[in-house]
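A.B. asks: Please see the structure below; I have some questions.
2 protein chains.
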Amino acid sequence: MSKKAVLLLSGGLDSATVCAIAKAEGYDVYALSFRYGQRHHIELQAAAKIAAVMGVCAHKIAEIDLRLFGGSALTDDIAVPKHGSVEAIGQGIPVTYVPARNTIFLSFALAYAEVLEAYDIFIGINAVDFSGYPDCRPEFIRAFEETANLATAYGTGKRIRIHTPLIRLSKAEIIKKGLALGVDYRLTISCYDPSPAGQPCGMCDSCLLRAKGFEENGMRDPAEGK
Amino acid sequence: MSKKAVLLLSGGLDSATVCAIAKAEGYDVYALSFRYGQRHHIELQAAAKIAAVMGVCAHKIAEIDLRLFGGSALTDDIAVPKHGSVEAIGQGIPVTYVPARNTIFLSFALAYAEVLEAYDIFIGINAVDFSGYPDCRPEFIRAFEETANLATAYGTGKRIRIHTPLIRLSKAEIIKKGLALGVDYRLTISCYDPSPAGQPCGMCDSCLLRAKGFEENGMRDPAEGK
Numbered sequence: 216m217s218k219k220a221v222l223l224l225s226g227g228l229d230s231a232t233v234c235a236i237a238k239a240e241g242y243d244v245y246a247l248s249f250r251y252g253q254r255h256h257i258e259l260q261a262a263a264k265i266a267a268v269m270g271v272c273a274h275k276i277a278e279i280d281l282r283l284f285g286g287s288a289l290t291d292d293i294a295v296p297k298h299g300s301v302e303a304i305g306q307g308i309p310v311t312y313v314p315a316r317n318t319i320f321l322s323f324a325l326a327y328a329e330v331l332e333a334y335d336i337f338i339g340i341n342a343v344d345f346s347g348y349p350d351c352r353p354e355f356i357r358a359f360e361e362t363a364n365l366a367t368a369y370g371t372g373k374r375i376r377i378h379t380p381l382i383r384l385s386k387a388e389i390i391k392k393g394l395a396l397g398v399d400y401r402l403t404i405s406c407y408d409p410s411p412a413g414q415p416c417g418m419c420d421s422c423l424l425r426a427k428g429f430e431e432n433g434m435r436d437p438a439e440g441k
Numbered sequence: 216m217s218k219k220a221v222l223l224l225s226g227g228l229d230s231a232t233v234c235a236i237a238k239a240e241g242y243d244v245y246a247l248s249f250r251y252g253q254r255h256h257i258e259l260q261a262a263a264k265i266a267a268v269m270g271v272c273a274h275k276i277a278e279i280d281l282r283l284f285g286g287s288a289l290t291d292d293i294a295v296p297k298h299g300s301v302e303a304i305g306q307g308i309p310v311t312y313v314p315a316r317n318t319i320f321l322s323f324a325l326a327y328a329e330v331l332e333a334y335d336i337f338i339g340i341n342a343v344d345f346s347g348y349p350d351c352r353p354e355f356i357r358a359f360e361e362t363a364n365l366a367t368a369y370g371t372g373k374r375i376r377i378h379t380p381l382i383r384l385s386k387a388e389i390i391k392k393g394l395a396l397g398v399d400y401r402l403t404i405s406c407y408d409p410s411p412a413g414q415p416c417g418m419c420d421s422c423l424l425r426a427k428g429f430e431e432n433g434m435r436d437p438a439e440g441k
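Line by line, the protein sequences give chains A and B. FYI, my numbering numbers position 104 of the first sequence as 319, with every residue one higher than the one before it. FYI, my numbering numbers position 145 of the second sequence as 360, with every residue one higher than the one before it.
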């Protein structure tokens with residue numbers, strides 16, 4: 216019998232790579248994305264393309280407007296910082312942090328998994344080349360996994376697992392792994408603040424980390440000048 | 216300085232009681248309700264009345280349509296069981312269980328708390344006169360609290376606390392406490408399957424447990440025949 220997994224799919228480079236990893240591990244992938252009021256909602260178009268090209272079993276988009284609470288540059292009228300270089304990315308938690316976002320995303324993934332009778336959830340979080348978000352740390356994931364196992368009705372003795380295959384990789388290592396698995400990074404978009412037509416700004420943390428990752432692989436970003 | 220708390224407010228008897236408890240403990244209450252595709256969405260009208268009468272600082276309603284996943288009699292085309300008597304309420308987890316609902320609700324409460332800089336979240340879950348939902352158990356709440364403290368950006372040394380003042384009370388004890396605090400139970404609705412006009416069915420688990428609670432206090436449900 217095939218194994219089902221729920222994948223949190225943003226449309227970015229990381230979750231596309233995780234999709235390839237889950238498939239390579241033999242999972243039937245059920246992708247879940249969110250329209251949460253993000254200014255870069257164009258990533259949902261990328262997510263739909265990735266889902267189609269990579270052959271997931273289903274792709275659901277949950278509508279959860281986090282502008283209800285605000286408090287982040289990604290969902291509120293707060294400017295996205297343009298640091299201009301990776302070195303200039305600050306310490307501490309930046310204004311692009313969305314309060315409790317990964318807790319919310321994982322909760323929805325858990326609901327989907329429970330309905331599917333899936334025991335595996337994949338998320339492309341990363342604690343190396345990242346922006347310092349607290350809900351990207353390994354200890355957060357372990358705590359959520361524990362919560363998930365107490366929250367649900369399974370009672371089968373099987374445990375729910377939260378898979379974070381990228382958590383200790385650099386952006387360059389993530390890209391290298393994805394390329395080896397045949398990920399088409401032209402389909403992905405990482406920018407926090409793209410133009411209405413979907414052109415990346417090239418200056419936000421997410422753009423800078425992405426560019427560095429391709430550079431360290433000795434290549435140009437294949438999505439550039441698409 | 217006043218203390219802020221986020222309250223999960225459903226419009227039912229339990230969360231109205233918790234609202235009174237939080238206020239009695241000196242909190243400024245910020246209420247949060249959900250339109251999640253529940254068949255008993257009329258409870259949101261009750262929630263709005265409770266919020267207004269009990270003087271909360273704000274009342275937000277998050278729109279999160281859990282019909283996206285289905286899998287519950289409360290959000291899907293599955294009949295709500297009508298056991299007819301409290302004794303007939305089955306063991307095990309009933310079909311009114313909504314997968315991961317409390318995990319999702321608490322995640323949103325956490326987001327709201329973080330934006331408000333509140334450290335206290337109140338939820339009216341109960342593990343005595345309840346339907347056997349796994350996400351009403353004390354061990355689930357403790358695990359979520361741990362996750363919440365790892366998920367967020369506070370870093371102030373203060374801990375987020377999930378308050379569950381009803382968790383070990385019977386329905387009769389909850390009502391007794393609420394009456395002592397002046398809760399107007401006419402404002403509340405507990406039914407899982409009310410008529411379009413908001414009349415409780417009188418036969419679902421939630422109606423049965425409510426009726427028993429008032430009976431044990433030697434009184435009629437004040438919401439009856441409203």
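Built from N, CA and C at the ideal position, the CB exists for glycine as well. Just so you know, these numbers come straight off a predicted model, no measurement behind them.
Answer with yes or no whether the minimum CB distance from residue 275 of chain A to chain B is below 7 Å.
C.D. replies: yes
A.B. asks: What distance in whole Å lies between the Cβ atoms of residue 439 of chain B and residue 387 of chain B, which are believed to be in contact at a cut-off of 8 Å?
C.D. replies: With a Cβ gap of about 16 Å, residue 387 of chain B and residue 439 of chain B do not count as contacting.
A.B. asks: Do three or more CB pairs link the region 333 to 345 of chain B to the region 302 to 314 of chain B at distances below 8 Å?
C.D. replies: no
A.B. asks: Starting from the C-beta of residue 291 of chain B, find all residues in its chain whose C-beta is less than 8 Å away, skip the five residues before and the five after it, and write them out in chain order.
C.D. replies: 282 and 285
A.B. asks: Between the Cα of residue 317 of chain A and the Cα atoms of A:256, A:332 and A:249, which residue gives the shortest distance?
C.D. replies: A:249
A.B. asks: In angstroms with no decimal places, state the Cα-to-Cα distance between residue 442 of chain A and residue 403 of chain A.
C.D. replies: Outside the displayed range of chain A (216 to 441) lies residue 442 of chain A, so it cannot be described from this structure.
A.B. asks: With residue 248 of chain A as the anchor, note down where its beta strand (DSSP E) starts and where it stops.
C.D. replies: Note, residue 248 of chain A: beta strand (DSSP E), 242 to 250.
A.B. asks: Check whether the Cβ atoms of residue 321 of chain A and residue 359 of chain A sit closer than 7 Å, and answer yes or no.
C.D. replies: yes
A.B. asks: For the putative contact between residue 353 of chain A and residue 342 of chain A, defined by C-beta atoms under 8 Å, what is the C-beta separation to the nearest angstrom?
C.D. replies: 6 Å
A.B. asks: According to DSSP, what are the bridge partners of residue 221 of chain A?
C.D. replies: A:245 and A:336.
A.B. asks: Would you mind telling me which residues of chain A sit closer than 7 Å to residue 327 of chain B, beta carbon to beta carbon, in chain order?
C.D. replies: 284
A.B. asks: Looking only at its own chain, which residues have a Cβ that is under 6 Å from the Cβ of residue 277 of chain A, when we skip the five neighbours before and after it?
C.D. replies: Excluding residues within five positions, the ones whose Cβ falls inside 6 Å are 249 and 323.
A.B. asks: Going along the chain, which unbroken runs of the beta strand (DSSP E) with 3 or more residues stay wholly within the region 340 to 401 of chain A?
C.D. replies: Segments of the beta strand (DSSP E) lying fully in the region 340 to 401 of chain A: 376 to 378.
A.B. asks: Would you identify the three-state DSSP class for residue 265 of chain A, choosing helix, strand or coil?
C.D. replies: helix
A.B. asks: Taking 7 Å as the CB-CB limit, is residue 279 of chain B close to chain A?
C.D. replies: yes
A.B. asks: Looking only at its own chain, which residues have a Cβ that is under 7 Å from the Cβ of residue 373 of chain A, when we skip the five neighbours before and after it?
C.D. replies: 334
A.B. asks: Going by DSSP, what residue range makes up the beta strand (DSSP E) through residue 278 of chain A?
C.D. replies: 273 to 278
A.B. asks: Drop a sphere of 10 angstroms on the beta-carbon of residue 260 of chain A, count the other beta-carbons inside from all chains shown, and report buried for 16 or more, exposed for fewer.
C.D. replies: Burial call: exposed.
A.B. asks: Return the residue from the list A:380, A:428 and A:327 that minimises the CA-CA distance to residue 301 of chain A.
C.D. replies: Of A:380, A:428 and A:327, the smallest CA-CA separation from residue 301 of chain A is found for A:428.
A.B. asks: Comparing the C-beta of residue 322 of chain A with each C-beta of chain B, is any distance below 7 Å?
C.D. replies: Put simply, the CB of residue 322 of chain A is near chain B, with a gap under 7 Å to one of its CB atoms.
A.B. asks: Look at the alpha carbon of residue 395 of chain A and the alpha carbon of residue 303 of chain A, and state the distance between them as a whole number of angstroms.
C.D. replies: As the crow flies, the alpha-carbon of residue 395 of chain A is around 31 Å from that of residue 303 of chain A.
A.B. asks: Residues of chain B with a CB under 9 Å from the CB of residue 204 of chain A: which are they?
C.D. replies: With chain A covering only 216 through 441, there is no way to say anything about residue 204 of chain A.
A.B. asks: Reducing DSSP to helix, strand and coil, say where residue 428 of chain A ends up.
C.D. replies: In the structure shown, residue 428 of chain A adopts helical secondary structure according to DSSP, grouped into three states.
A.B. asks: Compare the C-beta of residue 354 of chain B against all C-beta atoms of chain A and say whether one is closer than 7 Å.
C.D. replies: yes
A.B. asks: Quick one: list the residues of chain B neighbouring residue 335 of chain A, beta-carbon separation under 9 Å, in chain order.
C.D. replies: None at all; the shortest Cβ gap to chain B is about 15 Å.
A.B. asks: Taking Cβ-Cβ distances shorter than 8 Å, what residues in chain A pair up with residue 317 of chain B?
C.D. replies: 366
A.B. asks: Report the three-state DSSP secondary structure of residue 301 of chain B (helix, strand or coil).
C.D. replies: helix
A.B. asks: Are the Cβ atoms of residue 247 of chain A and residue 228 of chain A separated by less than 7 Å?
C.D. replies: Cβ atoms of residue 247 of chain A and residue 228 of chain A: not closer than 7 Å.
A.B. asks: Identify whether residue 284 of chain B lies in helix, strand or coil by the three-state DSSP scheme.
C.D. replies: coil
A.B. asks: Are the CB atoms of residue 268 of chain B and residue 245 of chain B within a distance shorter than 7 Å?
C.D. replies: no
A.B. asks: Does the distance from the CB of residue 255 of chain B to the CB of residue 415 of chain B come in under 7 Å?
C.D. replies: Going by C-beta atoms, residue 255 of chain B is not nearer than 7 Å to residue 415 of chain B.
A.B. asks: Starting from the Cα of residue 327 of chain A, find the closest Cα among B:287, B:230 and B:382 and give me that residue.
C.D. replies: Minimum Cα distance to residue 327 of chain A is reached at B:287.
A.B. asks: So what's residue 258 of chain A in DSSP terms, helix, strand or just coil?
C.D. replies: helix
A.B. asks: Answer with yes or no whether the minimum CB distance from residue 359 of chain B to chain A is below 7 Å.
C.D. replies: yes
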